[in-house]
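Notes to accompany the following structure.
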Amino acid sequence: MKQRGILMGLAVVAAAVLAVSLAGQAQRAGTLPADVQSLIEAKGLTPDQVRAAIQTYVPPGKYDEYLMFSSAGQGGQVLVFGIPSMRLLRVIGVFAPEPWQGYGVGSEETETVLGWRSKDPRLAWGDTHHPALSETNGEYDGKWLFINDKAGSRIAVIDLRDFATKQIVQNPNAVSNHGAVVSPNTEYVLEVTQYAGPFPFRYVPLTQENYNRHFRGLATFWKFDRGKGRIDVSKSFQIELPPYWQDLADFGKLESHGWAFWNSFNSERAIGGTLEKKPPVEIGASARDMDYLHIVNWKRAEELVAQGKYQVVNGMKVIRLKDAVEAGILYLAPEPKSPHGLDVAPRGDYIVVGGKLDPNATVYSFRKIQEAIRNKAFSGRDDYGVPILKFDAVVAAQVKLGLGPLHTMFDDKGNAYTSLFLDSAVAKWTLGPPYNPPDRAWKLVQKLPVQYNIGHLTAVEGDTVKPGGKYLVALNKWSVDQYRNVGPLLPQNFQLIDISGEEMKLLSNTPIGIGEPHLAQIIRMDRVKSWETYPVGTNPLTMRPDPNATKPGQQRIVRQGRTVHVYMTAMRSHYVPDRVRVKRGDTVVFHITNIERTKDAIHGFAIDRHNVNLSLEPGKTETVVLRAERPGVYPFYCTEFCSALHLEMMGYLEIEP
Amino acid sequence: MKAKTRGGLRQVGLVLGAAALLAASLAVPYWQLTLYAPQYPGGLRALVYLTHVAGDAQEISNLNHYIGMKALDEAAPVERALAIPLVLLFGALAVVSGSRRGPWRWLLRLPLVLFPLGFFADLSAWLWYYGHSMDPTAPIRLEPFMPVVLGRGVIAQFRTVAQFHVGFYLALGASLLALYDLRRKEPRAAQVRAESVARPAEVAAR
Chain A
500 MKQRGILMGL
510 AVVAAAVLAV
520 SLAGQAQRAG
530 TLPADVQSLI
540 EAKGLTPDQV
550 RAAIQTYVPP
560 GKYDEYLMFS
570 SAGQGGQVLV
580 FGIPSMRLLR
590 VIGVFAPEPW
600 QGYGVGSEET
610 ETVLGWRSKD
620 PRLAWGDTHH
630 PALSETNGEY
640 DGKWLFINDK
650 AGSRIAVIDL
660 RDFATKQIVQ
670 NPNAVSNHGA
680 VVSPNTEYVL
690 EVTQYAGPFP
700 FRYVPLTQEN
710 YNRHFRGLAT
720 FWKFDRGKGR
730 IDVSKSFQIE
740 LPPYWQDLAD
750 FGKLESHGWA
760 FWNSFNSERA
770 IGGTLEKKPP
780 VEIGASARDM
790 DYLHIVNWKR
800 AEELVAQGKY
810 QVVNGMKVIR
820 LKDAVEAGIL
830 YLAPEPKSPH
840 GLDVAPRGDY
850 IVVGGKLDPN
860 ATVYSFRKIQ
870 EAIRNKAFSG
880 RDDYGVPILK
890 FDAVVAAQVK
900 LGLGPLHTMF
910 DDKGNAYTSL
920 FLDSAVAKWT
930 LGPPYNPPDR
940 AWKLVQKLPV
950 QYNIGHLTAV
960 EGDTVKPGGK
970 YLVALNKWSV
980 DQYRNVGPLL
990 PQNFQLIDIS
1000 GEEMKLLSNT
1010 PIGIGEPHLA
1020 QIIRMDRVKS
1030 WETYPVGTNP
1040 LTMRPDPNAT
1050 KPGQQRIVRQ
1060 GRTVHVYMTA
1070 MRSHYVPDRV
1080 RVKRGDTVVF
1090 HITNIERTKD
1100 AIHGFAIDRH
1110 NVNLSLEPGK
1120 TETVVLRAER
1130 PGVYPFYCTE
1140 FCSALHLEMM
1150 GYLEIEP
Chain B
204 MKAKTRGGLR
214 QVGLVLGAAA
224 LLAASLAVPY
234 WQLTLYAPQY
244 PGGLRALVYL
254 THVAGDAQEI
264 SNLNHYIGMK
274 ALDEAAPVER
284 ALAIPLVLLF
294 GALAVVSGSR
304 RGPWRWLLRL
314 PLVLFPLGFF
324 ADLSAWLWYY
334 GHSMDPTAPI
344 RLEPFMPVVL
354 GRGVIAQFRT
364 VAQFHVGFYL
374 ALGASLLALY
384 DLRRKEPRAA
394 QVRAESVARP
404 AEVAAR
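If you read the protein sequences in the order shown, they are chains A and B.
Numbered by this note's numbering, the letters in the first sequence go through residues 500 to 1156 in order.
Numbered by this note's numbering, the letters in the second sequence go through residues 204 to 409 in order.
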């Protein structure tokens, strides 16, 4: 019986392959060529696997249909994949040095982005969690990517013209964050604190009393200036929050435009103390049955800021908690304890909260929330005076999905997909009206096992107003037995899933050997229009002509006191100048322009035994500021194999004693 | 009288057209060299205008430095500088020739008629020069060679295709228009006197 099933499946595959490959050609025999057949048999592939292999295969020279931007977790970077091939296309240096890209290894431009030119300690890493593509009218527009650093309470701005990090802002008042999300027209990038800290940030002895009194959460609305492509700190504002541990957030859209939502845990305000035999945080923070969904009217908050009703704390405009409550900016609603993901449905009508410790996805209705606010349907206030809306007044449905529901994405057919961490599965379920008729509403459709411990998941444009459907990627925390062991530090496991049909189907596995990614976002390839080369002499930080860009014939070395400026060009296969002589103690400033105009004519500039390695893409101008400290004769050379005479592309830096 | 005016107008129109075609050719390339190699999937194109080189000329020059060939934009500096005044002058002479009789009628338009040929000769000369003046210190040494002016060739890993472009055909069109005009009879009043002069000109033009 089983054999017959497999054979029939093979016949189906064969028919599909033929239908595709023989379009326009004469019909051949209805079976696969013998060698293909024997390949399938030798590998023991099931028809589903054969189908998956064909579906995800992108032949050499052909392109993927989608790009996926993934966080690299504690790797500190952003990873860019093609979908459906799941091939890694790029690593973008963000919070950690990335030598191939010349990021944070000697170039003035990238070290400025990293904040290494100011007084802060040189943070050598970051914990990227949630990439957020810029949006126009609630759809990805392919212009910018934002991502948070949980550990450094920072947000980075990546320009998708050159896939390079342009700005990192440090939150002066928060000590950790969780996530970056953008408003439907990228007016704001929202950063919500994870672990509460003393507000404003300073030292306060950690006692329960002090915690309750001085610790606070913060929501930071970073104003994004599309014209400049930068966050404008002066137009950004913060809202002070109770010291719960605020978690994932999402902006309202369409009917809920102007609002934002995030959940929280540890409304118990536990602070641990395991050595003193107090319950660890994991116990203390899970004591109550309910935590709080935060419901925030950011349009109103914006008005309050415009009216000057804020305090300036460390250069940030802060709406104090009391004022936020008074102005009707902040409401709470109970949610099953210790929830995790929060995702707004495509029309902006429902807010889905993953229960984590509760088997339900709890779905809040934006309309009901508005009604409850209007009717003052409060069940009380919390210790900080924030009104708590009645649970029953705001909930539209609770859908029992399984154990450990975390994050939710949407497709184009009215379905939601929620990751089930404990079940190691993806749950597909139906949204209620107007997405589905009442008899099909809020129903679990299918659970697909994944390998293993899924955290986030991401579907094609699955958190926008127009989800694309088709594919979903499960970002699994554990891979256990999915790959040949490569030592005790195992790769994470991305799994591509076909969601185009009634049933989800697993297509492929992709190991991630650099950090533990959290969220990823998938965008249609045609929305991203990146540059092939820079206009010659472009400063990658400003994306404008660099005043020190050097043209052919203008290369020179200029000494000004103890500073030596080297105006250099790089071109296949030589630097001009290729000999630089300085004295110990001099400051050497290299201004190097790759004067190539040809796509992929990339050069590097590395100095032996120094912390300098630039990536000079065609047209780029970068700067190296070097203290000449150790006398010697140091080769500098091109690190990117550029031509047949690449090895000859070098020069000497002489540092005289 | 009426017929004479109409014939004269047509004549002036034809030479004006020829001059205009030649002037228009300034805006488009005359010759194109395409290089194909594995690492340039779309090929590299040098577009040679009367006044400048464009397309991927810079990249081709850059590659040429490996064999010690001069940069493309260093070729024909005088010709390129004089291109616009010459084209205008030749056009103007041709227009003037439209109302002339006797030998002037064809002598004045001769530069315009011969222009495409002149371009071809000059281009060939420069290509020969480029193929025979390579820097002996270049990393890759090639025997002096005559690059292909029209058709296919091979240099190192590059397959090359050289062909005329729109500008050349415009100039050729101008040339033919001027010649066609010569075949026509001269204005009637001058017919008798000019006939004996015009015939040899026709022969020469053919």
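Don't be surprised by glycine CBs; every beta carbon is placed ideally from N, CA and C.
Treat the numbers as computed from the prediction; the structure is a model and nothing was measured.
CA-to-CA distance, Gly-967 (chain A) to Ala-924 (chain A), given in whole angstroms: Your numbering for residue 924 (chain A) matches position 425 in the first sequence. Your numbering for residue 967 (chain A) matches position 468 in the first sequence. Near 21 angstroms, if we compare the C-alpha coordinates of Gly-967 (chain A) and Ala-924 (chain A).
DSSP state of Thr-1032 (chain A) mapped onto helix, strand, coil: Stepping through the first sequence from its first residue, residue 1032 (chain A) is reached at position 533. Thr-1032 (chain A) falls in the coil class under three-state DSSP.
Beta-carbon proximity check, Phe-764 (chain A) vs Ala-832 (chain A), cutoff 8 angstroms: Residue mapping note: residue 764 (chain A) aligns to position 265 of the first sequence, counting from 1. Residue mapping note: residue 832 (chain A) aligns to position 333 of the first sequence, counting from 1. Against a cut-off of 8 angstroms, the Cβ pair of Ala-832 (chain A) and Phe-764 (chain A) comes out as no contact.
Residues of the segment 1125–1156 of chain A whose Cβ lies closer than 9 angstroms to any Cβ of chain B, in chain order: Ser-1142, Ala-1143, Leu-1144, Glu-1147
Glu-834 (chain A) beta carbon less than 8 angstroms from that of Asp-790 (chain A): Residue mapping note: residue 790 (chain A) aligns to position 291 of the first sequence, counting from 1. Residue mapping note: residue 834 (chain A) aligns to position 335 of the first sequence, counting from 1. The answer is yes: Cβ separation under 8 angstroms.
Start-end ranges of the alpha helix (DSSP H) lying completely within the segment 264–311 of chain B, minimum 4 residues: Counting only runs of 4 or more, we get 280–300, 306–310.
Member of A:Ile-1056, A:Lys-836, A:Lys-969 whose CA lies at the smallest distance from the CA of Val-1075 (chain A): Reading the first sequence from its first residue, position 576 is the one you call residue 1075 (chain A). Closest by alpha carbon: A:Ile-1056.
Per-residue contacts from Pro-342 (chain B) into chain A (C-beta, under 7 angstroms): For the purposes of this step, residue 342 (chain B) is identified with residue 139 of the second sequence, where counting begins at 1. Neighbours of Pro-342 (chain B) in chain A, taken as residues whose beta carbon is under 7 angstroms from its own, are Leu-1144 in chain order.
DSSP-derived helix/strand/coil call for Asp-938 (chain A): Reading the first sequence from its first residue, position 439 is the one you call residue 938 (chain A). Looking at Asp-938 (chain A) - three-state DSSP - the assignment turns out to be helix.
Bridge-paired residues (DSSP) for Gly-853 (chain A): Taking the first residue of the first sequence as position 1, residue 853 (chain A) is located at position 354. For Gly-853 (chain A), which the question treats as bridged, DSSP gives the partners A:Ala-860.
Within 8 angstroms, strictly: CB atoms of Val-256 (chain B) and Ala-381 (chain B): Taking the first residue of the second sequence as position 1, residue 256 (chain B) is located at position 53. Taking the first residue of the second sequence as position 1, residue 381 (chain B) is located at position 178. Contact flag unset, no.
Boundaries (first-last residue) of the alpha helix (DSSP H) holding Lys-542 (chain A): On the first sequence, residue 542 (chain A) is found 43 positions in, with the first residue counted as 1. First-last of the alpha helix (DSSP H) with Lys-542 (chain A): 533–542.
Proximity test, Cβ basis, 8 angstroms: Asn-265 (chain B) and chain A: As a position in the second sequence, residue 265 (chain B) is number 62, starting the count at 1. Chain A, which has a Cβ nearer than 8 angstroms to the Cβ of Asn-265 (chain B), makes this yes.
Contact belief for Trp-744 (chain A) with Tyr-710 (chain A) at Cβ below 8 angstroms, rounded distance in angstroms: By one-based count along the first sequence, residue 744 (chain A) stands at place 245. By one-based count along the first sequence, residue 710 (chain A) stands at place 211. Not really, about 12 angstroms apart at Cβ, beyond 8 angstroms.
Trp-309 (chain B), buried or exposed, once every other Cβ within 10 Å from all chains shown has been counted against 16: For the purposes of this step, residue 309 (chain B) is taken as the residue at position 106 of the second sequence. Label assigned to Trp-309 (chain B): buried.
Close-in-space but distant-in-sequence residues of the same chain around Gln-524 (chain A) (CB under 7 angstroms, 5 per side omitted): Residue 524 (chain A) sits at position 25 when you count from the first residue of the first sequence. Residue placement at Gln-524 (chain A) is poorly supported in this model, since its pLDDT is 49, which falls under 50; the coordinates still yield a value, given next. No residues qualify anywhere along the chain.
Rounded Cβ spacing between His-628 (chain A) and His-1017 (chain A) (contact assumed at less than 8 angstroms): For the purposes of this step, residue 628 (chain A) is identified with residue 129 of the first sequence, where counting begins at 1. For the purposes of this step, residue 1017 (chain A) is identified with residue 518 of the first sequence, where counting begins at 1. Going by Cβ atoms, the distance from His-628 (chain A) to His-1017 (chain A) rounds to 4 angstroms, so yes, they are a contact pair.
Own chain, CB closer than 6 angstroms to Asp-1164 (chain A), minus 5 neighbours either side, in chain order: Because chain A spans 500 through 1156 in this model, residue 1164 (chain A) falls outside it and cannot be assessed.
Cβ-based neighbour list, Asp-619 (chain A), same chain, cut-off 8 angstroms, excluding 5 preceding and 5 following: Start at 1 with the first residue of the first sequence, and residue 619 (chain A) comes out as number 120. Cβ-Cβ distances below 8 angstroms link Asp-619 (chain A) to Gln-669 in the same chain, with the five nearest sequence neighbours on each side left out; the list follows chain order.
Identity of the residue in A:Leu-1006, A:Tyr-951, A:Gly-1052, A:Gln-600 nearest Gln-991 (chain A) by Cα: Indexing the first sequence from 1 puts residue 991 (chain A) at position 492. Ranking A:Leu-1006, A:Tyr-951, A:Gly-1052, A:Gln-600 by Cα distance to Gln-991 (chain A) puts A:Tyr-951 first.
Neighbouring residues, chain D, relative to Thr-1037 (chain A) (Cβ below 9 angstroms): Considering every chain present, this structure includes no chain D. Its protein chains are A and B.
Cα-Cα separation between Thr-635 (chain A) and Gly-961 (chain A), rounded to whole angstroms: Taking the first sequence and counting its residues from 1, the one referred to as residue 635 (chain A) is at position 136. Taking the first sequence and counting its residues from 1, the one referred to as residue 961 (chain A) is at position 462. Counting only the Cα atoms, Gly-961 (chain A) lies some 15 angstroms from Thr-635 (chain A).
Nearest neighbour of Val-862 (chain A), chosen from A:Val-851, A:Gln-806, A:Val-964, A:Phe-1104 [CA to CA]: Here residue 862 (chain A) corresponds to residue number 363 of the first sequence, with the count starting at 1. Nearest C-alpha to Val-862 (chain A): A:Val-851.
Ser-735 (chain A), enclosing beta strand (DSSP E) - first and last residue: Taking the first residue of the first sequence as position 1, residue 735 (chain A) is located at position 236. For Ser-735 (chain A), the enclosing beta strand (DSSP E) covers residues 729–740.
Host beta strand (DSSP E) of Lys-969 (chain A) (start-end): One-based indexing of the first sequence puts residue 969 (chain A) at position 470. That run of the beta strand (DSSP E) goes 968–975.
Three-state secondary structure assigned by DSSP to Gln-526 (chain A): Within the first sequence, numbered from 1, the residue matching residue 526 (chain A) stands at position 27. Annotation note: pLDDT 44 at Gln-526 (chain A) (below 50); position unreliable, no value reported.
Amino acids of chain A, ordered along the chain, whose beta-carbon sits closer than 8 angstroms to that of Gln-235 (chain B): Counting from one through the second sequence, the residue named residue 235 (chain B) turns up at place 32. Going along chain A, no residue has its Cβ under 8 angstroms from Gln-235 (chain B), so there is no contact; the nearest lies around 18 angstroms.
Spatially closest choice to Ala-784 (chain A) from A:Ser-837, A:Asn-813, A:Ala-800, by CA coordinates: Here the question's residue 784 (chain A) lines up with position 285 in the first sequence. In terms of CA proximity to Ala-784 (chain A), A:Ser-837 leads the group A:Ser-837, A:Asn-813, A:Ala-800.
Environment of Ala-522 (chain A) [buried if 16+ CB atoms lie within 10 Å]: For the purposes of this step, residue 522 (chain A) is taken as residue 23 along the first sequence, with counting starting at 1. Confidence at Ala-522 (chain A) is low in this model, with a pLDDT of 49, below 50, so its placement is unreliable and no value can be given for it.
Beta carbon proximity, Met-1067 (chain A) to chain B, threshold 8 angstroms: In the first sequence, residue 1067 (chain A) corresponds to position 568, counting from 1. At least 8 angstroms separates the CB of Met-1067 (chain A) from every CB of chain B.
Span of the beta strand (DSSP E), counted from its first residue to its last, around Pro-904 (chain A): Locating residue 904 (chain A) in the first sequence gives position 405, where the first residue counts as 1. Annotation: the continuous beta strand (DSSP E) that includes Pro-904 (chain A) extends over 904–909.
Three-state secondary structure (DSSP) of Thr-1086 (chain A): Looking up residue 1086 (chain A) in the first sequence gives position 587. Strand, per DSSP.
DSSP state of Asn-711 (chain A) mapped onto helix, strand, coil: Numbered from 1 along the first sequence, position 212 holds the residue referred to as residue 711 (chain A). Helix.
Alpha-carbon to alpha-carbon, Arg-729 (chain A) and Trp-643 (chain A): One-based indexing of the first sequence puts residue 643 (chain A) at position 144. One-based indexing of the first sequence puts residue 729 (chain A) at position 230. Approximately 10 angstroms between the Cα atoms of the pair.
Cβ of Thr-1097 (chain A) within 8 angstroms of any chain B Cβ: Translated into positions along the first sequence, residue 1097 (chain A) becomes position 598. Cβ-Cβ to chain B under 8 angstroms: yes for Thr-1097 (chain A).
Interface flag, Glu-262 (chain B) vs chain A, CB-CB below 8 angstroms: Here residue 262 (chain B) corresponds to residue number 59 of the second sequence, with the count starting at 1. With 8 angstroms as the cut-off, Glu-262 (chain B) counts as an interface residue toward chain A.
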